[in-house]
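Chemist: Residue numbers (the numbering used here), protein chains in the order written: chain D, -2 to 325; chain C, 2 to 328.
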C-alpha cells in the first residue's frame, strides 16, 4: 500500500457485501469488497458489465437503489464509518466531501437552470459564502476545468454546451465544495476520443493539484492505464486482483485479468489473434461455487470448484487465485 | 489476393434537409438548412480485404455504409459491387442483393424479439429462395449456428435468451445465410464487453479467411480497426482525409487529423506517459468551417487552408502535406 500509517486512507472498504432481496431469494451482487484509496491517489476500478463496479461506487455514496442494501461490511471516509449514517447526514457528505461524475453529462445537469445557477446552488449549500462570492468561485471553477470565457458561459444553459464542455461543467460541479474524494463512473465513455483525452487531462491535473482522491470506474482499460495509480479488477462482484497500474496492465497475474488484457486490441502492434476467454460473466443468479471464474479458467484445479480464493499479497499488489498460492 | 475491386464508391455525397417546418421557416424568415453529411468520398475495396472507415461521431462513416448497402439513397455519386452498379432508383439487382449483407451495432435492436432464432437466420434463405424445402432450410440453419460457435439446438430459442455477444453471433449467421460475400459491419462490437469483443473479432477474421469475405468495417475504435483492417480510410466531417494500408497508417500517419487521433487514443501502452491534449472539438456540420474543415484545429493551417478545400491526392487530402509544409 502506498498510504502512510499516520493519515488514514480517504476511502476504505472493508469486506463490503451488497445484496438484493426479492421474492425469489437473496442475490449477492458485491461479495466482500476490500480496498482503499490514499489522498491524491487515483484508483481505477475495471471489469466488464455486471462485475459490480458501478454498484461499488453507488454503495460508497449511499445511492443503492432498493431493494439493494449493504448487508455487511464497512465504508470508511477518512477513518470514519459512513455506511450507517442517517440519510440526511449522508446527503450532506455527498456533495461536500464526496463529489460524483457520471457517464452522461446531460442527466447530471438540470436543463431548466443556467449552468451558473446550478454551480452557485451547490457552492452555497456546502460553503458559507455570499451569492456574489459563490458566483466568483463558480467562474473560477469553470476557468479551472478549461471552459473558455467563463464569465460569459456561466449564464448559458446546458444545451448550449457541447458534450465535452458539459462534462467539464459536471467536473466543476463535483469539485465545487472541495471534496476529499471523487467517484467518477465512466466519465469519458459518452465522449469522442479527442475530447476524452482533454477530460482525462483536466481530471488528472485537478486531482494532482488539490490532492483529491479519485475512484475511477470504467470498462476502458486505456483510460485506466493512462490515469490511474492503482487498479482493482472486478469479476462477478469480487475484486480478483489489485495493484499498481503498471503491474496489472503489463503483467497481470490472475487468469481473468490476463485474459482481459490480452483481449484488448492494441494500437502499437497487430497480433495474429486476440487472446480469447471463452464464455461470459455469470449472471448473479448463477454464480459458480468456489472461485467464480473457474468454469472459464484455463488453469482450473480441483480445489477451485469448492474453495473461494481470497486476496493474498503478491509483489506490490494482491491477487485472489490459488495458482499463486501454490507457487509462492 | 486479387486486385479486382469488389466494392467501389465514387464521389459519394449525401445532403440532409434539416430545415424547420415550412410555416415556421416563413414566419421567422429563415432559409432552408442543409447538412452535408458525406461529401466527395471515393474508395475501392479489393476482394477478400477489409476496408475500415474510422472517425469520430458525426464524421459520416455510418452514412457511407448505409449508402453502399442501398439502404439510404445518395444525393450523388456512384456505387458498384463486383462491377454491378447501384441504380439510384431501383437499388441493386436482385441477383446482387443476396451477396450483400449488413451487421449492425446493437444486437438488441437488430433481431426481432418475437421471432425464433431459426426463423431469423432462415429469412434470407426464404427471401432469395435458397432452400428447396424445410428440411434443407433447417439443415443450413444448424450449419450456420455451428459456424458462428452456437449450438444447433439454439434455433428454437428467442433472442432474449442470449447474451449480447451471442446475439451478435446470430446476426453474423443471418448475414451469412444468403451466401453473402460482401458484408458491411457498422460498429459490430461497440456494444460489447472487451472479452466478448475479442471473441467476435476473432470469429469475423476466421470467417473472412475461410469464406473469402470482403468487409466494409465501420468503427470509431482505432485499435479494433488496426486488428481487423487491411486498408483504412479516416473521415472528418463527411470527407475522407487519409486512406492508407494499415501498417503505413499506424507507422507514418500523414494527415494532421490522423496524427491527432492516434495521439489522443488512450492505450494500454500509455501507462505513465502523458500525451498532447488535443485542442477543440468537431465543429457543427450544419455550418462547417470554410476551406479545409479541419483548419481551426490544425497546427499546420495557413490562409490557403482557410479558403481552399484540399483534394485527395496520393492518399491524403491536406495542403500542408502536399506542399511539404512543416509549420
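Yeah, the Cβ is synthetic: ideal placement off N, Cα and C, and Gly gets one too.
Apart from the five residues on each side of it in sequence, which residues of its chain come closer than 7 Å, Cβ to Cβ, to residue 219 of chain C?
Modeler: 54, 62, 63, 66, 186, 187, 188
Chemist: Is it true that the CB of residue 187 of chain D sits closer than 7 Å to the CB of residue 100 of chain D?
Modeler: yes
Chemist: Can you give me the start and stop residues for the alpha helix (DSSP H) that residue 13 of chain C sits inside?
Modeler: In the DSSP assignment, residue 13 of chain C falls outside any alpha helix (DSSP H) and lies within the beta strand (DSSP E) extending over 6 to 18.
Chemist: Following the continuous alpha helix (DSSP H) through residue 258 of chain C, name the residue where it begins and the one where it ends.
Modeler: First-last of the alpha helix (DSSP H) with residue 258 of chain C: 257 to 265.
Chemist: Consult DSSP for residue 121 of chain D and reduce its assignment to one of helix, strand or coil.
Modeler: helix
Chemist: Taking 8 Å as the cut-off, does the stretch 176 to 183 of chain D touch the stretch 201 to 212 of chain D (at least 3 CB pairs, one atom from each stretch)?
Modeler: These segments touch.
Chemist: I'd like the list of long-range same chain contacts for residue 261 of chain D, defined as Cβ closer than 6 Å, with 5 residues on each side in sequence excluded.
Modeler: 218
Chemist: Whole-angstrom Cβ separation of residue 197 of chain D and residue 223 of chain D, contact assumed at under 8 Å?
Modeler: Their Cβ separation, rounded to whole angstroms, is 6 Å, which keeps residue 197 of chain D and residue 223 of chain D in contact under 8 Å.
Chemist: Nearest chain C C-beta to residue 194 of chain D closer than 7 Å, yes or no?
Modeler: Yes, residue 194 of chain D counts as interfacial toward chain C.
Chemist: Grouping DSSP H, G and I as helix and E and B as strand, with all else coil, what is residue -2 of chain D?
Modeler: Per-residue confidence for residue -2 of chain D stands at a pLDDT of 46, beneath the threshold of 50, marking its modelled position as unreliable; the derived number appears in the next sentence. Looking at residue -2 of chain D - three-state DSSP - the assignment turns out to be coil, as it is neither helix nor strand.
Chemist: Between residue 5 of chain C and the rest of its own chain, which residues show a CB-CB distance below 8 Å, the 5 nearest in sequence each way excluded?
Modeler: 47, 48
Chemist: Rounded to whole angstroms, what's the CA-CA distance from residue 82 of chain C to residue 8 of chain C? Just pull it up for me.
Modeler: 5 Å
Chemist: Closest Cβ-Cβ distance between residue -1 of chain D and chain C: below 7 Å?
Modeler: Note that residue -1 of chain D scores a pLDDT of 48, beneath 50, so its modelled location is shaky and nothing firm can be said.
Chemist: How many angstroms separate the CA atom of residue 50 of chain D from the CA atom of residue 148 of chain C?
Modeler: 34 Å
Chemist: Identify which residue in D:94, D:93, D:95, D:112 has its Cα closest to the Cα of residue 102 of chain D.
Modeler: D:112
Chemist: For residue 136 of chain D and residue 202 of chain D, what's the separation of their Cα atoms in angstroms?
Modeler: 18 Å
Chemist: By the criterion of Cβ-Cβ separation under 8 Å, what are the contact partners of residue 270 of chain D in chain C?
Modeler: 203, 206
Chemist: In this structure, what does DSSP give as the bridge partners for residue 69 of chain D?
Modeler: D:14
Chemist: Using the Cβ count rule (16 or more neighbours within 10 Å means buried), how would you classify residue 77 of chain C?
Modeler: Counting Cβ neighbours within 10 Å, residue 77 of chain C comes out exposed, since fewer than 16 surround it.
Chemist: With H, G and I counted as helix, E and B as strand and the rest as coil, what does DSSP make of residue 319 of chain C?
Modeler: coil
Chemist: Please list the residues of the stretch 87 to 107 of chain D that have a C-beta atom closer than 9 Å to any C-beta atom in chain C, keeping them in chain order.
Modeler: Shown here is that no member of the stretch 87 to 107 of chain D has a Cβ falling below 9 Å from a Cβ of chain C.
Chemist: Would you tell me roughly how many angstroms separate the C-alpha atoms of residue 7 of chain D and residue 97 of chain D, rounded to the nearest one?
Modeler: 15 Å
Chemist: For residue 93 of chain C, report the span of its alpha helix (DSSP H) as first-last.
Modeler: Careful: residue 93 of chain C lies outside any alpha helix (DSSP H) and carries neither H nor E.
Chemist: Could you tell me which whole beta strand (DSSP E) segments of length 3 or greater appear in the stretch 28 to 75 of chain C?
Modeler: 35 to 47, 51 to 55
Chemist: Given a limit of 7 Å on CB to CB distance, which residues of the stretch 108 to 119 of chain D reach chain C?
Modeler: Under the 7 Å Cβ criterion, the stretch 108 to 119 of chain D contributes no residue.
Chemist: Which same chain residues, not among the five before or five after residue 132 of chain D, have their C-beta less than 8 Å away from its C-beta?
Modeler: 113, 117, 151
Chemist: Where residue 364 of chain C and residue 144 of chain C are concerned, what is the direct C-alpha to C-alpha distance, given to the nearest angstrom?
Modeler: Nothing can be reported for residue 364 of chain C, as the shown portion of chain C is limited to 2 through 328.
Chemist: Applying a beta-carbon distance threshold of less than 9 Å, which residues of chain D neighbour residue 92 of chain C?
Modeler: Those do not exist, as residue 92 of chain C stays about 33 Å from chain D at its closest Cβ, beyond 9 Å.
Chemist: Output the distance between the C-alpha atoms of residue 155 of chain C and residue 118 of chain C, rounded to the nearest integer angstrom.
Modeler: Their backbone Cα atoms lie some 7 Å apart in a straight line.
Chemist: Tell me the residue span of the beta strand (DSSP E) that contains residue 28 of chain D.
Modeler: 22 to 34
Chemist: If contacts are defined as beta-carbon pairs under 8 Å, then residue 330 of chain C and residue 318 of chain C qualify, I think. What distance do you get, rounded to the angstrom?
Modeler: This structure cannot settle anything about residue 330 of chain C, because the visible part of chain C is limited to 2 through 328.
Chemist: Hey, out of C:158, C:223, C:325, whose CA is closest to residue 190 of chain C's CA?
Modeler: C:223
Chemist: Nearest by alpha-carbon distance to residue 229 of chain C: which of D:255, D:225, D:312, D:267 is it?
Modeler: Checking every option, the nearest Cα to that of residue 229 of chain C belongs to D:267.
Chemist: Looking at C-alpha atoms only, which residue of C:182, C:13, C:160 is the closest neighbour of residue 172 of chain C?
Modeler: C:160
Chemist: For the stretch 286 to 301 of chain D against the stretch 247 to 258 of chain D, are there 3 or more C-beta pairs whose distance is under 8 Å?
Modeler: yes
Chemist: Along the stretch 226 to 247 of chain D, where does the CB come closer than 9 Å to a CB of chain C? Name the residues.
Modeler: 242, 243, 246, 247
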